[in-house]
Every structure is written in structure tokens, then in C-alpha cells.
Amino acid sequence: MKDIQQPSSYLVPMVVENTGRGERAFDIYSRLLKERIVFIGTPIDDQVANLVVAQLLFLQSEDPEKEVALYINSPGGQVTAGLAIYDTMQYVRPPVSTICIGMAYSMAAVLLAGGAAGKRFALPHANILIHQPWGGMQGQASDIQIHAKEILRTREQLNQILARHTGQKIEKVSQDTERDYFLTSEAAKEYGLIDDIILTPTKFGEKDKEKEREKEKEKEKVTAG
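If you read the sequence shown in this note's numbering, its first letter stands for residue 226, the second for the next number, and so on.
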């Protein structure tokens, strides 16, 4: 998957909250992290991967059972960086829900598909792209041959991941990723890359709140008994 240039600088909004100790300012991503929301809105490189991995590990330490929401609007990026995020998603105990807003291209589509079963979503006008890894090696013939073998190995690895999460046969995934394969939200659902399309606003963490309310009711019953 080819390299994509990141913007050198961009404005990060700040959120100001009033607390008992006065006002406290958060950058928008830190504020989302408090709600167990992680956002990938840039090309995926090593720096982005390290930040996402660190956030997932932190949220696991905060609560190893409570769901994490990973929002994705990314054109993809480095395979190794993306696989670091993917492996961490599978490693951490909290279920990681994935939501595509805008686009999930290339490596970002693998992350979208790698969310917890039944918790992979896309908005109605999101677009998804799957394809084979990009290669641009130059140099001696022997070096090019070595890198070509590595690209083929990586391609097989990614196809196996997509086949496992979509339920498609490896032969179909291999054929579909020969060239750029674009999918709408509806097509991605049919393919198995996502589980559902979000048509109405969802209340993230509502199930967790329901469980907490049920626990409180059980405590009240025990106390009353």
C-alpha cells in the first residue's frame, strides 16, 4: 500500500469543561478518549500506529471489559503500521467496535473488518476499498526479487485476514484484491466487511449502561431481601 503524505500541520480543536476545580481544557481527541473513542482520521504510519496502540492499551487498563469504539476515516497507509494496530485490536480484552465514516481504504479497510464480531459498522455514504499491497522497490535484481517475495507473502497474509473476518473464500478475496475493489456501505455489508449500516444516531455504550442499571437493580433486591 503506497505511501501517502500527511499534512505537516492542522488545527486540533480544544474542548473546555467546567469542573469543581475550575475550567479544564482538552484537545478533542483526549476528550473522545475519555468516552473510550479512538479516532483514525489520517494516513496510517508508524506514529499513528503507536498512538492508537497506546490508547487501546490504556483503555484496557482502565476497564478490561468495557467496549472501545474505533472510528475510521483513512486512506490507508503502511502495512506494518496497520498490522500493529490490527494485532493490538485482537489482543486487548475489551471488544473493539469499528465505525467507518467517510472512507476506509486499503489498510484501513482491514482494520474496519477486524473489529469485534457484530460490532463493525459504516455510515450510509462511507466508501471502502480493498486491494493488494503496493510495491516500489528499486535496486539490484536480487534485491528486487527478495522484496517481491515479501510483498507476495504480505499479500497472502492480508487476504487471509480479510477472508477470516468476512467469511469469504480465500480464492475470492485473492481475486477481488487483484485490482482496486471499491465497495459502498451496502456492498461492504453484503461482502462481510461490516455487520451493519448506521442509519440513525446510536448511543455508544448504551449496553454497558443497561448492564450497570441491571446490577443496581440486583443490589436493591438483595438489600430489600
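For every residue, glycine included, the Cβ atom is placed at its ideal position computed from N, Cα and C.
Separation of residue 367 and residue 265 (C-alpha to C-alpha, rounded to the nearest whole angstrom) is 37 angstroms. Residue pairing by DSSP leaves residue 273 without any beta bridge partner. Within the same chain, no residue comes within 8 angstroms of residue 425 by CB-CB distance, once the 5 residues on both sides are set aside. Sorting 398, 377, 336, 342 by C-alpha distance to the C-alpha of residue 306 places 336 at the top. Around the beta carbon of residue 238, fewer than 16 other beta carbons lie within 10 angstroms, which makes this residue exposed. In this structure the stretch 295-303 does not touch the stretch 370-390; the number of beta carbon pairs closer than 8 angstroms is below three.
Annotation for residue 395: the continuous alpha helix (DSSP H) segment containing it runs 395-401. Residue 259 and residue 331 have their C-alpha atoms spaced approximately 29 angstroms apart.
Contact annotation: the stretch 341-354 touches the stretch 403-419, with at least three C-beta pairs closer than 8 angstroms. Secondary structure of residue 381 (DSSP, three-state): helix. Less than 8 angstroms separates the beta-carbon of residue 269 from that of residue 333. As DSSP reads the structure, residue 247 sits in a beta bridge with 244. Residue 322 is classed as buried because its beta carbon has at least 16 other beta carbons within 10 Å across all chains shown. Inclusion of residue 344 and residue 288 in the CB contact set at 8 angstroms is not warranted, their separation being larger than that value.
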